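A short worksheet on the structure shown next.
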Amino acid sequence: MITAVVYSESGGTYKTTMTANVAVALERMELNTLVLDLDPQEGNLTSLFDAGEHRSDPDADNLVKHILDMPDGEFHDLIETTEEGVDIIPSHDMLGDFTSNLEQKISYETGMKNMSREEYPRFELLHELLWKKQELHKEYDAILIDPNARAEDLLYNAIFALRTLVAPVKPAGKGNLSLEGLEELVGNMENQLDIEIGLSCVVPSGVGQTNAHQQYQQQFENTEEFATPVSIGNRESLMDAMWEARGSAFKVVEERWKTFEKDGQMVSEPGQRRVRDREVETLRRLYELAWFIATTTFDADIDPVLELDIQGHTNRTIDLKEDDKTEATTA
Amino acid sequence: MSNFKSGSGNLDFGGSDEDDGEPEPEPTEKTTQTDTESNEGDESTATEQPGEDSRNKTSPGTDSTTSSQKENRESTEESTPATTAREQYPYFIRRSNVGDERDTRLEIHVRDRVADQEAAFRNELAEQLNANEVSKTDAREFALLAAFQHPERVAELMAEEGFGTL
Ligand SMILES: Nc1ncnc2c1ncn2[C@@H]1O[C@H](COP(=O)(O)OP(=O)(O)OP(=O)(O)O)[C@@H](O)[C@H]1O
Ligand SMILES: [Mg+2]
């Protein structure tokens, strides 16, 4: 069972993009994959995957109601399947009020059970729902969470439930290694909740060609404190097109989605994008990242062959195991 | 980065105390395992979750006193008398977490061909135990126990690979 929260302390580190791409890569490895979107804001995983039709309807059943044990329907009715096969439990506006709803529940239940507020396991509710009530480990091979960026109840519930982090980081400022905030959060959670949180890997993303960026990436790759299996370059055009294709970077390349100016307006259409080697290389790295998480972190058994069926082109097959061998022999 | 454990965290889907689901299956072969278990009991600590007391309403991120709290906790843990749960219930029944009671971390270095057999071994174990999966930690600990009980088999394997022939 693969479980990971894609998180790093700072905002805008391409978490949502990475969650989508890793989820699709895992699904392409024939792992049955579910993503949970805990971010109620615009530009979240739910809109990327074109899901969550009822996310703004206050009466609609949603994940929050199930986490708080006040469901308005079947849990499995929350799950939608995206075009690329990944399942998603979409976001809902109620996620934005999670803490106040939780406080109400705690007041009510601690009153009933004559228990102190401090004793209430407020960070353990998602864990209870996913594994104890729904037993999702029997149904899925991989579950990923795109949490909301704010360090509060929902994020702690996500980390408590999945226990393993994948941390995308972005070259920032003078390019120092800034995982300190994340480390503190993890340490505090471990001490208070008596759990062990694992860091699968750190993924430098949006790394450009400037010296500062390259140095930043080097610094990360040279540290032994955590794994950096791949870094992802600055791929704004490719990743931005995901929001038009409503899917992963794999889909963008295969269906050749492109945004361009037509009759004075910006439009996005499939069948237009040029096939660029560096973008194919990015897909290879995303696949390698998913492979690393699945096998090195979680011991899954996977044949890492990426088949790209690019519209109007012959199929490409990238076998990561062969890459491994050639690297080993040339090294 | 001392807080980060590289790799996966300690998530375990097995039943906890208050869980009404099936508990993780007990190992079927109970043979001589019991004496090791009672050895384990000698250095036992309380089964109450020490985290409970320090759990509070504020977010973990804002708490800056946790490292000293942790030290306190460890010292109280040592001085708390063991509850009887340890003696009454087998390990897989009383534990709620795969990390429970496992205070010693062993690191082993192995050849690829040995590592490559682990997945198959765990699948085979899961099958024998009628479980969905057996965690690496469980499989390894009990593999070690099995070896302790059958040193002659271990010696045989080593001899086969030329141990002591020089
Ligand atoms: N490797 C990349 N290089 C350049 N731009 C990227 C890359 N990956 C994603 N982007 C773009 O950056 C923007 C922000 O990405 P994303 O929404 O994934 O960040 P986020 O960490 O989820 O943000 P938030 O903290 O707001 O949730 C998007 O427009 C996306 O297309
Ligand atoms: Mg996001």
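Which chain is which? The protein sequence lines are A and B, in order. Using the working numbering, you'd call the opening residue of the first sequence number 1 and step up by one each time. Using the working numbering, you'd call the opening residue of the second sequence number 1 and step up by one each time. From the three backbone atoms N, C-alpha and C, an ideal C-beta is built for every residue, glycine too. None of these values were measured; they are calculated from a predicted model.
For asparagine 132 of chain B, go through chain A and note every residue whose CB falls closer than 8 Å to its CB, in chain order.
-> His137, Lys138
C-alpha distance - glutamine 218 of chain A paired with threonine 210 of chain A, whole-angstrom precision | 12 Å
Quick one: does the C-beta of threonine 46 of chain A sit closer than 8 Å to a heavy atom of ligand 2?
-> no
With DSSP collapsed to three states, give me the class of glutamine 265 of chain A.
-> strand
Three CB pairs or more closer than 8 Å across the stretch 116-131 of chain B and the stretch 96-105 of chain B = no
Return the residue from the list A/Ser91, A/Leu179, A/Glu27, A/Asp72 that minimises the CA-CA distance to isoleucine 302 of chain A.
-> A/Glu27
Whole-angstrom distance between glutamate 139 of chain A and aspartate 87 of chain A, CA atom to CA atom | 11 Å
In chain order, what residues of the same chain have a beta carbon less than 8 Å from the beta carbon of tyrosine 14 of chain A, not counting five sequence neighbours either side?
-> Pro168, Lys170, Ser205, Gly206, Ile232, Met239
Cut-off 8 Å between Cβ atoms - residues of its own chain near proline 58 of chain A, not counting five sequence neighbours on either side = Asp93, Met94
Nearest chain A C-beta to phenylalanine 4 of chain B closer than 9 Å, yes or no?
-> yes
Close-in-space but distant-in-sequence residues of the same chain around glycine 12 of chain A (CB under 8 Å, 5 per side omitted) | Lys170
When you compare only the Cα positions, how much space is there between alanine 20 of chain A and asparagine 315 of chain A?
-> 23 Å
Just checking, does the stretch 214-228 of chain A make contact with the stretch 189-204 of chain A on the three C-beta pairs under 8 Å criterion?
-> yes
Cβ of lysine 15 of chain A within 8 Å of any heavy atom in ligand 2?
-> yes
Is the Cβ of glycine 51 of chain B closer than 9 Å to any Cβ of chain A?
-> Low local confidence applies: a pLDDT of 38 at glycine 51 of chain B is under 50, so the model's placement there is unreliable, and no value is given.
Check each candidate in A/Asp309, A/Gly312, A/Ala300 and name the one with the smallest Cα separation from leucine 31 of chain A.
-> A/Ala300
Residues of the stretch 227-256 of chain A with a CB closer than 9 Å to any CB of chain B: list them in chain order, please.
-> Ala227
Would you grab the beta carbon distance between serine 6 of chain B and leucine 199 of chain A for me? Rounded to a whole angstrom, and I think it's under 8 Å.
-> 6 Å
Counting Cβ pairs closer than 8 Å, one from the stretch 95-110 of chain A and one from the stretch 52-70 of chain A, do we hit at least three?
-> yes
Nearest residue (CA-CA) to glutamate 9 of chain A, options A/Ser237, A/Leu193, A/Glu180, A/Phe226 | A/Glu180
Chain B contact for tryptophan 291 of chain A (CB, 9 Å cutoff) | no
What are the start and end residues of the beta strand (DSSP E) that includes alanine 167 of chain A?
-> 164-169
Per-residue contacts from isoleucine 302 of chain A into chain B (C-beta, under 8 Å) | Result: empty, since nearest Cβ-Cβ is about 11 Å, beyond 8 Å.
Can you check whether the CB of isoleucine 197 of chain A is closer than 9 Å to the CB of leucine 155 of chain A?
-> no
When burial is assigned at 16 or more other CB atoms within 10 Å of the CB, is phenylalanine 4 of chain B buried or exposed?
-> buried
Among A/Trp291, A/Lys258, A/Asp69, A/Thr99, the one whose alpha carbon lies nearest that of arginine 276 of chain A | A/Lys258
Report, in whole angstroms, the separation of the C-beta atoms of leucine 286 of chain A and alanine 249 of chain A, which I expect to be a contact under 8 Å.
-> 6 Å
Hey, is aspartate 146 of chain A close to ligand 2, as in C-beta under 8 Å from one of its heavy atoms?
-> yes
Would you say valine 186 of chain A faces chain B, with C-beta separation under 9 Å as the test?
-> yes
Cβ contact (3+ pairs, closer than 8 Å) linking the stretch 131-146 of chain A and the stretch 108-123 of chain A | no
Return yes when at least one heavy atom of ligand 3 lies under 8 Å from the C-beta of isoleucine 232 of chain A, else no.
-> Judged by which ligands are present, ligand 3 is missing from the structure shown, whose ligands are ligand 1 and ligand 2.
Alpha carbon to alpha carbon, how far is phenylalanine 148 of chain B from tyrosine 91 of chain B?
-> 18 Å
Using a Cβ cut-off of 9 Å (strictly closer), state whether leucine 320 of chain A contacts chain B.
-> no
Assuming isoleucine 293 of chain A and isoleucine 2 of chain A make a contact with CB atoms under 8 Å, what is their CB distance in whole Å?
-> 6 Å
Could you name the residues of the stretch 187-217 of chain A whose beta carbon sits closer than 7 Å to any beta carbon of chain B, in the order they occur along the chain?
-> Gly187, Asn188, Met189, Glu190, Asn191, Gln192, Leu193, Asp194, Ile195, Glu196, Ile197, Gly198, Leu199, Ser200
Between the C-alpha atoms of alanine 115 of chain B and aspartate 37 of chain A, what's the straight-line distance to the nearest angstrom?
-> 36 Å
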